[in-house]
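Here's the structure we're looking at; comments come further down.
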Amino acid sequence: MTTTNSKQAGLTMLLRDVALPMALYYVLRSFDVDALWALLVSAVPPVLRTGYVLVRHRRIDPVSAFVLAVLLINGAVAVFSGDPRLLLVRSAWITLPLGVAMLASLLIGRRPLLFRAVCTLQPARAGELEQLWGLSPAFRQRWRTATLGWGAGCVLLACAVVVMAFTLPVDIVPILDTALTVGTVVLGAKLTRQRMGINRTVDA
Numbered sequence: 107m108t109t110t111n112s113k114q115a116g117l118t119m120l121l122r123d124v125a126l127p128m129a130l131y132y133v134l135r136s137f138d139v140d141a142l143w144a145l146l147v148s149a150v151p152p153v154l155r156t157g158y159v160l161v162r163h164r165r166i167d168p169v170s171a172f173v174l175a176v177l178l179i180n181g182a183v184a185v186f187s188g189d190p191r192l193l194l195v196r197s198a199w200i201t202l203p204l205g206v207a208m209l210a211s212l213l214i215g216r217r218p219l220l221f222r223a224v225c226t227l228q229p230a231r232a233g234e235l236e237q238l239w240g241l242s243p244a245f246r247q248r249w250r251t252a253t254l255g256w257g258a259g260c261v262l263l264a265c266a267v268v269v270m271a272f273t274l275p276v277d278i279v280p281i282l283d284t285a286l287t288v289g290t291v292v293l294g295a296k297l298t299r300q301r302m303g304i305n306r307t308v309d310a
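152 is the number that the working numbering gives to position 46 of the sequence shown; each next residue is one higher, with no gaps.
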């Protein structure tokens, strides 16, 4: 696996799971579809993707299962209440637990969650990273610091989304949420690669 492939996979994920639902929402709104139903329909692509993975591989990973559960429960609650703002906070239900899990991994895990995630996404470098983890205290500290930053960032992002969802006009929130999420992820990934030295090309 190369870093270029990793970047392309990350960009594809952002476009598919973040930008596409937002674009679908605004297309529907341009045809005067009610905000609640536009938000519900915009959540369909991630649900379909998770269902496709389940059917094709006959399995579902914990992260996908969690995201699917959040989308379905959040949608059911919003339909029952009739309040579209409850759907606007759906991303916060994902980023908040992720941030808490990262912070918790600093206290109770053998490895920070961010470190384990990078090893999973870059298997060609996993052995090298594990070796450096065992040999270098400074290396371990850098990963703990990065995990702390990502964890705190996810928690703050979730809080920002909740505030926007309940204080701003409904039609403004999806694009602000998308811009904030994409900007945070891209900037965080760039800073992490630079600081951790994982921006080199590695052959699979």
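Glycine is no exception: its CB is placed at the ideal position from the N, C-alpha and C atoms.
- Leaving aside the five residues that flank alanine 258 on each side, the residues in its chain whose CB is nearer than 8 Å to its CB run, in chain order, Gly205 and Leu209.
- In this chain, the alpha helix (DSSP H) harbouring proline 127 covers 126-136.
- CA-CA distance, phenylalanine 245 to serine 136, rounds to 51 Å.
- Under the three-state reduction of DSSP, aspartate 189 is assigned to coil, being neither helix nor strand.
- Distance from the Cα of phenylalanine 272 is smallest, within the candidate group Ser148, Val153, Leu130 and Pro190, for Pro190.
- Leucine 145 sits in a helix when the DSSP states are folded into three classes.
- In this structure, proline 218 and tryptophan 199 do not form a Cβ contact; the two beta carbons are roughly 23 Å apart against a cut-off of 8 Å.
- The beta carbon of valine 124 lies closer than 7 Å to those of Thr284, Thr287 and Val288 in the same chain, with the five residues before and after it left out.
- The stretch 225-245 makes no contact with the stretch 266-280; the number of CB pairs closer than 8 Å stays below 3.
- One thing to note: leucine 177 has its Cβ within 7 Å of the Cβ of valine 153.
- In this structure, the straight-line span from the alpha carbon of leucine 193 to that of proline 243 is close to 44 Å.
- The straight-line gap separating the alpha-carbon atoms of alanine 144 and alanine 182 is approximately 14 Å.
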